[in-house]
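Numbering (the numbering used here), first residue to last: 3 to 414.
Don't be surprised by glycine CBs; every beta carbon is placed ideally from N, CA and C.
Everything numeric in this text was worked out from a predicted model, so none of it was measured.
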């Protein structure tokens with residue numbers, strides 16, 4: 003099939019790079035987002051997020067007429083939905099963004115169109131998406147009713163990229179494509195092979211959904227081991243960074259690095275989708291989530307203990323993003339730690355985050371956004387929460403008179 007126009011719904015950290023990847027292969031791409039700011043920024047050939055190389059791709063795509071953004075869905079041959087899937091109270095998945103996106107494109111669907119859900123989702127979400135569209139378009143047939151003869155093809159293809167390396171990994175990484183029918187999967191594979199150089203492997207929609215959750219839960223469990231080990235090492239007065247280096251000399255041991263917790267929209271969220279679907283069977287996955295969610299409290303306790311040595315300490319928190327060299331604050335343990343310290347009123351709290359220009363609402367009025375050197379000049383306590391490149395280049399002489407709590411091993 004010839005995909006003359008591709009629509010990407012949701013122009014965030016996954017949607018915009020994906021739209022740019024199609025546009026770079028001379029596909030006409032219509033990006034859709036509810037944010038007028040994002041739409042206007044993209045239509046100027048600029049970007050509203052931080053991701054290496056993305057600015058050049060978007061600028062070229064817009065300048066050459068292959069990428070255009072809008073707030074209202076338009077007719078296309080293929081639709082990719084890449085919207086958030088957070089969780090609600092009780093760690094239950096919130097599919098409202100997927101539902102809203104599905105209902106928004108339903109009026110412009112036509113026979114032969116392909117709809118792919120890219121959003122990381124609990125098992126069964128693709129089927130729900132198809133039903134939401136079917137409810138609004140009784141004049142069209144969908145795979146859950148018509149099977150291989152459906153008018154609309156539906157599939158799930160989860161993203162599996164690393165923030166900071168999205169552009170390269172979008173092209174090079176293998177993709178798991180789960181069709182609601184075999185033909186749905188084959189059509190989706192044809193679409194992704196427009197720019198994907200890795201293998202595009204076909205399976206069913208439910209397995210594809212579970213595959214992404216499994217990948218992130220695997221990582222979460224292994225990070226939880228490292229984080230729990232760091233807490234034990236603190237209790238026993240052992241340098242955890244040296245301990246892990248030594249243990250990893252074993253040919254069959256590969257312990258990950260601990261941190262202040264686990265953040266981001268994927269690893270901090272996805273395991274809960276499995277727990278919600280199979281609560282009695284997911285004991286290890288649930289425990290790993292609890293360990294990682296509790297790690298910020300351990301860091302805060304260390305800061306509180308250090309603060310007792312001062313009357314009104316100045317506390318510098320290095321990093322707010324959930325990982326290095328990006329501006330993404332979603333589910334960030336660094337942000338949670340900084341906010342909690344400010345609420346505790348232990349002293350004056352400074353935030354150093356080189357990838358943002360203004361503080362998020364959770365910190366506004368409570369914390370001061372500072373330059374790195376300015377913060378180090380007045381801080382009594384320095385907490386390394388994210389291993390951004392500028393922090394790695396820091397002259398450790400500037401830290402000699404400070405109480406340093408290093409959650410990332412920068413000084414190890």
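Is the beta carbon of residue j closer than 8 Å to that of residue i?
i: residue 23; j: residue 33; result: no
i: residue 78; j: residue 9; result: yes
i: residue 390; j: residue 321; result: yes
i: residue 56; j: residue 18; result: yes
i: residue 433; j: residue 97; result: Residue numbering for the chain in the displayed model covers 3 to 414; residue 433 lies beyond these limits and cannot be assessed.
i: residue 278; j: residue 130; result: no
i: residue 265; j: residue 295; result: no
i: residue 190; j: residue 159; result: yes
i: residue 63; j: residue 50; result: no
i: residue 406; j: residue 384; result: yes
i: residue 275; j: residue 204; result: no
i: residue 31; j: residue 69; result: yes
i: residue 15; j: residue 330; result: yes
i: residue 7; j: residue 82; result: no
i: residue 111; j: residue 142; result: yes
i: residue 87; j: residue 65; result: no
i: residue 269; j: residue 224; result: no
i: residue 412; j: residue 394; result: yes
Can you check which of these residues, the options, is closest to residue i by C-alpha distance?
i: residue 327; options: 174, 357, 50 and 306; result: 357
i: residue 227; options: 171, 68 and 258; result: 258
i: residue 210; options: 229, 180, 218 and 197; result: 180
i: residue 186; options: 215, 214, 170 and 144; result: 144
i: residue 80; options: 137, 353, 115 and 154; result: 115
i: residue 2; options: 159, 411, 212 and 347; result: No answer is possible for residue 2: it lies beyond the span of the chain, which begins at 3 and ends at 414.
i: residue 166; options: 273, 53 and 375; result: 53
i: residue 173; options: 184, 202, 183 and 153; result: 202
i: residue 135; options: 105, 3, 153 and 112; result: 105
i: residue 315; options: 110, 112 and 381; result: 381
i: residue 355; options: 367, 341, 366 and 374; result: 374
i: residue 299; options: 269, 240, 233 and 256; result: 233
i: residue 237; options: 194, 301, 224 and 269; result: 301
i: residue 102; options: 71, 113 and 138; result: 138
i: residue 175; options: 99, 377, 195 and 223; result: 195
Roughly how many whole angstroms lie between the Cα atoms of residue i and residue j?
i: residue 267; j: residue 324; result: 9 Å
i: residue 118; j: residue 45; result: 24 Å
i: residue 349; j: residue 200; result: 51 Å
i: residue 409; j: residue 392; result: 16 Å
i: residue 250; j: residue 29; result: 46 Å
i: residue 403; j: residue 371; result: 22 Å
i: residue 333; j: residue 297; result: 13 Å
i: residue 157; j: residue 387; result: 38 Å
i: residue 318; j: residue 74; result: 43 Å
i: residue 85; j: residue 35; result: 9 Å
i: residue 27; j: residue 197; result: 7 Å
i: residue 171; j: residue 162; result: 8 Å
i: residue 290; j: residue 311; result: 33 Å
i: residue 336; j: residue 5; result: 42 Å
i: residue 43; j: residue 230; result: 43 Å
i: residue 169; j: residue 60; result: 11 Å
i: residue 192; j: residue 397; result: 51 Å
i: residue 2; j: residue 25; result: Given that the chain is displayed from residue 3 to residue 414, the structure contains no residue 2 and the question cannot be resolved.
i: residue 48; j: residue 242; result: 43 Å
i: residue 366; j: residue 341; result: 10 Å
i: residue 416; j: residue 91; result: Since the first and last residues shown for the chain are 3 and 414, residue 416 lies out of range.
i: residue 67; j: residue 154; result: 28 Å
i: residue 353; j: residue 379; result: 13 Å
i: residue 344; j: residue 338; result: 10 Å
i: residue 37; j: residue 207; result: 29 Å
i: residue 222; j: residue 213; result: 14 Å
i: residue 220; j: residue 281; result: 17 Å
i: residue 248; j: residue 260; result: 15 Å
i: residue 100; j: residue 400; result: 48 Å
i: residue 307; j: residue 255; result: 34 Å
i: residue 303; j: residue 71; result: 46 Å
i: residue 369; j: residue 188; result: 51 Å
i: residue 292; j: residue 140; result: 44 Å
i: residue 183; j: residue 245; result: 50 Å
Please specify which runs of the alpha helix (DSSP H), each continuous and at least 4 residues long, are wholly inside the segment 109–196, giving them in chain order.
Secondary structure in the segment 109–196: the alpha helix (DSSP H) runs of 4 residues or longer, each lying completely within the stretch, are 127–138, 145–148, 168–174 and 184–194 in chain order.
At least 3 beta-carbon pairs within less than 8 Å: the segment 353–367 vs the segment 276–290:
Result no; under three Cβ-Cβ pairs closer than 8 Å.
To test your reading of the DSSP string, which unbroken beta strand (DSSP E) runs of 3 or more residues are found completely within the segment 35–78?
Inside the segment 35–78, DSSP marks whole beta strand (DSSP E) runs of 3 or more residues at positions 69–72, from first to last along the chain.
Between the segment 144–156 and the segment 165–179, can you find at least three pairs of beta-carbon atoms closer than 8 Å?
Verdict: no, contact absent.
Hey, which unbroken runs of the alpha helix (DSSP H) at 4 residues or more fall wholly within the segment 331–363?
Fully enclosed alpha helix (DSSP H) runs of no fewer than 4 residues occupy 335–346 of the segment 331–363, in order along the chain.
Completely contained alpha helix (DSSP H) runs for the segment 193–253, where each covers 4 or more residues
Fully enclosed alpha helix (DSSP H) runs of 4 or longer: 207–237 and 242–249.
Counting only runs that start and end within the segment 245–327, where is the beta strand (DSSP E) found for 3 or more residues in a row?
You should have 316–320.
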